[in-house]
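Asks: Starting off with a structure, shown below.
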Amino acid sequence: MADSRSAPMRLVLAATAGAALLSAGAAPARAEEQTVKAFSVWQVAGQLVQTGEKQATFTGVLAGPVYVETDRGPVLAGALSCPASVDIQLDSGRQQATARCAFQAGDDSRLYGELTCQGMHLIGCDGAFAISGGTGRFAGAQGDGPVMVRGDFRRVALRADGSLEESVAGIIYWPALRYTLP
462 MADSRSAPMR LVLAATAGAA LLSAGAAPAR AEEQTVKAFS VWQVAGQLVQ TGEKQATFTG
522 VLAGPVYVET DRGPVLAGAL SCPASVDIQL DSGRQQATAR CAFQAGDDSR LYGELTCQGM
582 HLIGCDGAFA ISGGTGRFAG AQGDGPVMVR GDFRRVALRA DGSLEESVAG IIYWPALRYT
642 LP
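If you count the sequence shown from 1, position 163 lands on 624 in the numbering used here, and the numbers rise without skipping.
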């Protein structure tokens, strides 16, 4: 059995190949919509700064491997990097976040997208992910789907400048990411 990282990966949600193509090794279908399930186990180090009387803003870069679910289980598809900003209402705990993401496949093709979500601080958020293009075999990619972000936001350290530093780990889950390649 071949190493899953060297298996043919033609269309990845968030970085490489469609689930059916991963196991079949077939050439990608052109201009046909595909749907995949994928997830990333990420880490982020950043800063949490009080930006208003009852508001704080967290900024950092989420980074980690991306896996696509196949009939043989999760397969490593590439790597994720997402500069992110989270606005938190300190009185209610409500938050909203945005992130611009780049997924890099093993062949250096890239897929780009934007994540937006709303939820509760210390729990996570749910929202949408929109694919905005790519390079290499992902040039011209389009698509979207729901996204869930969960993380352990409890590790906080006070910095000398009065800001808080958080080192967080979590998961981004795309339960049904739809995409097309031209």
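Cβ coordinates follow ideal geometry from the N, Cα and C atoms, glycine included.
By alpha-carbon positions, which one of Val-505, Pro-535, Ile-584 ends up nearest to Trp-635?
Replies: Cα-wise, what sits closest to Trp-635 is Pro-535.
Asks: Use the C-beta contact count for Gly-594: other C-beta atoms within 10 angstroms, 16 or more gives buried, fewer gives exposed.
Replies: That one is exposed.
Asks: Quick one: residues in its chain with C-beta nearer than 6 Å to the C-beta of His-582, no 5 flanking neighbours on either side, listed in chain order?
Replies: Excluding positions up to five away in sequence, the list reads Ile-549, Gly-554, Gln-556.
Asks: Over what stretch of residues does the beta strand (DSSP E) that includes Pro-607 continue unbroken?
Replies: Per DSSP, Pro-607 belongs to the beta strand (DSSP E) from 603-612.
Asks: From Gly-507 to Gly-585, what distance separates their C-alpha atoms?
Replies: The alpha-carbon atoms of Gly-507 and Gly-585 are separated by roughly 16 Å.
Asks: Tell whether a beta-carbon distance below 8 Å holds between Gln-547 and Ala-558.
Replies: For the sequence presented, residue 547 should be read as Val rather than Gln. Yes, these two residues count as a Cβ contact at 8 Å.
Asks: Within 10 angstroms of its Cβ, does Val-629 collect 16 or more other Cβ (buried), or is it exposed?
Replies: Under this definition Val-629 is a buried residue.
Asks: Could you check the C-alpha separation between Gly-604 and Lys-515 for me, to the nearest Å?
Replies: Taking the straight line joining both Cα atoms gives about 36 Å.
Asks: Buried or exposed for Val-505, please, with buried defined as at least 16 other CB atoms from any protein chain shown within 10 angstroms of its CB.
Replies: Per the 10 Å Cβ criterion, buried.
Asks: Does the distance between the C-beta of Arg-561 and the nearest non-hydrogen atom of the ligand FAD fall short of 7 Å?
Replies: For the structure depicted, the ligand FAD is absent and the ligand set is empty, with no information on it obtainable.
Asks: Compute the beta-carbon to beta-carbon distance between Cys-543 and Ala-517, rounded to the nearest angstrom, for a pair I have assumed lies under 8 Å.
Replies: Wrong, their Cβ atoms sit about 20 Å apart, outside the cutoff.
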